[in-house]
Amino acid sequence: MLQGKWLPIVLLVLLGLLQYRLWFGKNSIPDYFSRKQEVQTQALQNANLAQRNALLKADINDLKIGLEAIEERARNELGLIKKGETFYRILPADSK
């Protein structure tokens, strides 16, 4: 008679322990959702960095291959002016 009463109690205690691990233990459901969010954030950062890397690779290839890219960069960043050229800078009206 006692054996029949203890079996459901023992099973409920075991079920409670398993549920505790599922909800609060290591690798629990809240941990899963937290990791899932971290993975999504990291994937977005990786996509942004991959796009930036592609632009940098294209820039490097332009600098390796063409003199026009080097000349354009020198004009924009260093203010290069060739012999015989006249440089005009037009300022916006509100910059006075």
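In this text, residue positions in the sequence shown follow the working numbering: the first is 1, and each later residue adds one. The beta carbon of each residue, even a glycine, is placed where N, CA and C say it ideally should be. Model, not experiment: these values are computed from the prediction.
Simplified DSSP assignment, three categories, for N27: coil
Cut-off 7 Å between Cβ atoms - residues of its own chain near L62, not counting five sequence neighbours on either side: Leu is not the amino acid found at residue 62; the sequence shown has Asp there. Counting only Cβ-Cβ distances below 7 Å, and skipping sequence neighbours, we find A69.
I81, enclosing alpha helix (DSSP H) - first and last residue: Run containing I81: none; DSSP gives neither H nor E here.
Inter-residue spacing [alpha-carbon to alpha-carbon] between T86 and A93: 22 Å
As assigned by DSSP and simplified to three states, the class of F33: helix
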